[in-house]
Each structure stands twice: as C-alpha cells, then as structure tokens.
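Pasting the structure below:
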C-alpha cells in the first residue's frame, strides 16, 4: 500500500525538536550591548525556537527582562542553566574559556570572535569541538549585507565619534549670526570614508560644521560629496579587495602625509577611522603634525584599539599635547547600546536564517559561501587559516 494513502495511524510522524538559542549577559567591562532584542526574540519564538536570556542581559542596553518575557523568551539566572542543552549561543564579545567549558560538544557560537586577540578561547573551542562563526569574517557581498555586523556597528561608532568630538570641542559647530557678531562654523576633518567615516560626516554636517574628508579610495569621493562634505583629492587609487583600502607605497605615503597634514592643521575636530583588518592601524597624524594644530583642537581616534591613526593616541585614554586633545575611545558602539544592539540583533537574525532551515532544523553542512567564509572553528579544527597559523606558531 502506498504510504501516501495509508491511514494516519500507520504513517511515521517526524518530530522536530525546537532549536534552543541562548543569549548570555556580556561580561567585558564597558560592554553594554546585548546579542538580541525583544523584537527579534518574538520572531524567533514564533518560528518555534526556544530562546533563553540570562537575567539582566539586556538591562544595560535598556531592554529589561520583562520585555524579553513578553516576547516569549525564558529568563534564566545563571550560565549553567543558560547553556545546558543550548544548540546556538549568540554573543557580542568573544566567549571566555570558562564559558566554552560550559558548552556541549557541537554547540554553535555566533558573534564577534576577535581571533588575533582571543586565541586561548579559540583553542579551547577547537579542543571541545565547538562550532564558532565569526561575524567579522562575513564576506562583504550583496547577499550578506543584512548580516554585516561590522558595518552596523561602525555606523554606531561613527555617530558617537562625531558627537564625542563636538562635546569636547570648545567651539560651536554651526555658524551663528548673533547680536554679538557672527560665529564661523567649526571645521571637521574625517580621515577614512568607510561606513564609520560616512556616518561621522553625516552627523557632523547635521550639527552644522564645515566638513572635509579624505580616503585613499577614489570611489569614496562620490559618497563624501553626496553628504555635502568636501572630498580632499590626491592622485592615488588605493582600492583594495573586499571594500578595504590597500596599503600605500612609500612614495604615496609621503604625498598623502603632506596633504593630510595641511588639512589637519586647519581642522577644529579630526576624526580618524582608517584600519586594516588584522593589522596595526596606519599612522596618519604624526606628533609633528599635532604641533601644527590650533589650540583647543580635538582628535577622535577610532582606530585606537588597533594602535591608533595618531602617533600620540593611547587606547582608552585622553592625551593633551600642545593644546590639542587626543581621545582614544574604545568600543564606541557600546555608548549607544539601545540602537547598536537592535542593529546587531537583526544581523544575527539574518545569519540564523542560513543556519536554521525553513522546517526549523539546524543545517549539518556549512556549504553556503557566507557560512564557509565566516566559519572559524568546527569539529575540532580551526577553519580560518590565518588563525590556525597563529595557533600553530606555538600559541595555545
């Protein structure tokens, strides 16, 4: 008898187990973001998944437990209960070694992994056969735009950098016509017109400043001008792969430095955003150039965590030199945790769409090009070659 026409009692019924998704409270000092928000939780639970949120995980981002509960999540008190039976763990910051030890073999962890500075935990995930996807490795292709957490968080960072510059500048940013005379607008210079730089440009323009910007990629000029800023021209094309800039030659660096130095000297606020993934940030503003700046000028160095674009930058500190304030902020997106968490959660929601099939089961093969590119650790091996090479050099 054909199984399609067999009585219901004789047909086999396939039971699909819901995917248990766990979201821990971030432990890194100053980290106020959370990996998911109630809006996304509601969609996940409606799709049949079980979402566990650690108590107070979203409080610092102004998402209290009650909102998660209303969205269908279960609030749990500690890490052991949170991770027990979890199939997917969503994080902002990389998991610690102690967290990895609580995960069962085969658990999937998704978030920023910061491979070069998190080798101990990566080695532990390898040894415990945890699967880890690094969002910073998501390829910058059209299909992956909704999963591009680097861009979403850079947007938040660029906004905060412009506001931070305005907050520390001793001048008005917009032009004012008053009974006491006319106040000329402040000049803001943005070095690097990627996602963060473009957001900084847009924010500074909204605040009324005169904005100039420079990027070694010629294609960035059109975007800069579209925001109403002046693009500093230099006959160099340093377009690299993946939307990043390539490293300049020695001769190109000299020409760049001369033009940038002149622009820095006339600026009231300088925001630097230039970074090369996995490498030390290039120095764009030297100590000598700082000495030419106006008293009261401010530098916001968004590349502080990777060495800094200013020679005088100290990560996490504010330095004053020759009347100039050099600020080396860390984790700028965490300063606007409500919206940066919202954007990040939606990035993760899109990524989960590749990991979980339409019938609600986890994929068993990571053949999709986005999953392949972002796979960091799987089945006892480090899949990302540069990270594997670092580990093989004698690091844990």
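Residue numbers (my numbering): 2 to 397.
Backbone N, C-alpha and C fix where the C-beta goes; we use that ideal spot for every residue, glycine too.
CB of residue 328 to nearest heavy atom of the ligand GTP: below 8 angstroms? Absence of the ligand GTP from the depicted structure is noted, as is the absence of any ligand whatsoever, leaving it without description.
Looking at the unbroken alpha helix (DSSP H) that takes in residue 123, where does it start and where does it end? 120-128
Taking the beta carbon of residue 381 as the centre, do at least 16 other beta carbons fall within 10 Å, making it buried, or is it exposed? exposed
Does the Cβ of residue 366 have 16 or more other Cβ atoms within 10 Å, making it buried, or fewer, making it exposed? So residue 366 ends up on the exposed side.
Less than 7 angstroms between C-beta atoms, sequence neighbours within five positions excluded: which residues of the same chain meet that for residue 169? 299, 326, 328
Under 9 angstroms, do residue 324 and residue 172 count as touching if we go by C-beta distance? Against a cut-off of 9 angstroms, the Cβ pair of residue 172 and residue 324 comes out as no contact.
Helix, strand or coil, according to DSSP, for residue 117 in the structure here? helix
Mind checking residue 185: buried by the 16 CB within 10 Å criterion, or exposed? exposed
Note down, in chain order, each residue of its chain lying with its Cβ closer than 6 angstroms to the Cβ of residue 385, except the 5 sequence neighbours on either side. 377
Span of the beta strand (DSSP E) holding residue 326? 325-328
Quick check on the DSSP output: what are the complete beta strand (DSSP E) runs of length 3 or more inside the segment 3-78, in order along the chain? 21-24, 51-55, 75-77
To the nearest angstrom, how far is the alpha carbon of residue 108 from that of residue 120? Rounded to the nearest angstrom, the two C-alpha atoms are 18 angstroms apart.
Residue burial classification, residue 387 (beta-carbon count within 10 angstroms, cutoff 16): Around the CB of residue 387, fewer than 16 other CB atoms lie within 10 Å, so the residue is classed as exposed.
Smallest Cα separation from residue 102: which of 118, 117, 128? 128
Express the C-alpha separation of residue 341 and residue 21 in angstroms, rounding to a whole number. 24 angstroms
Going by other Cβ atoms of all chains shown within 10 Å of its Cβ, with 16 needed for buried, is residue 28 buried or exposed? exposed
Proximal residues to residue 292 (C-beta, below 7 angstroms), its chain only, five neighbours per side dropped: 323
Within a Cβ cutoff of 6 angstroms, which residues of the same chain sit near residue 56, ignoring the five residues on either side of it in sequence? 76, 78
If you compare alpha carbons, which of 158, 346, 273, 83 is closest to residue 216? 273
Under the DSSP definition of a beta bridge, which residues are partnered with residue 190? 213, 271
Spatial neighbours of residue 53 within its chain, please: CB distance less than 6 angstroms, with the 5 preceding and 5 following residues excluded, ordered by chain position. 23, 75, 77, 83
By the 10 Å Cβ neighbour count, where 16 or more other Cβ atoms means buried, how is residue 336 classified, buried or exposed? buried
For residue 379, the residue or residues it bridges with in DSSP: 382
According to DSSP, simplified to helix, strand and coil, what is residue 143? helix
What would DSSP say about residue 204, mapped onto helix, strand or coil? helix
For the segment 286-341, list the alpha helix (DSSP H) runs that are entirely contained and at least 4 residues long, ordered along the chain. Residue ranges of uninterrupted alpha helix (DSSP H) with 4 or more members, entirely inside the segment 286-341 and ordered along the chain, are 288-291.
Determine the direct distance from the alpha carbon of residue 339 to that of residue 248, and round the result to whole angstroms. 35 angstroms
Given a threshold of 16 other Cβ atoms within 10 Å of its Cβ, counted over all protein chains shown, does residue 81 qualify as buried or as exposed? exposed
What separation, rounded to the nearest whole angstrom, lies between the Cα atoms of residue 312 and residue 66? One C-alpha to the other measures close to 44 angstroms.
Please report the Cβ distance between residue 209 and residue 175, rounded to the nearest whole angstrom; I am assuming they are in contact, meaning their Cβ atoms lie under 8 angstroms. 2 angstroms
Determine, using beta-carbon pairs with one atom in the segment 255-269 and one in the segment 185-200, whether at least three such pairs fall under 8 angstroms. yes
To the nearest angstrom, how far is the alpha carbon of residue 14 from that of residue 360? With a pLDDT of only 48 at residue 14, under the threshold of 50, the placement of this residue in the model should not be trusted; the figure read from the coordinates follows. Approximately 14 angstroms between the Cα atoms of the pair.
Judging by CA-CA distance, which residue of 213, 70, 86 is the nearest neighbour of residue 260? 213
Taking the beta carbon of residue 156 as the centre, do at least 16 other beta carbons fall within 10 Å, making it buried, or is it exposed? Of the other Cβ atoms in all chains shown, 16 or more fall within 10 Å of the Cβ of residue 156; this residue is therefore buried.
DSSP three-state call for residue 277: helix, strand or coil? coil
Would you say residue 138 and residue 375 are within 9 angstroms of each other, going by their C-beta atoms? yes
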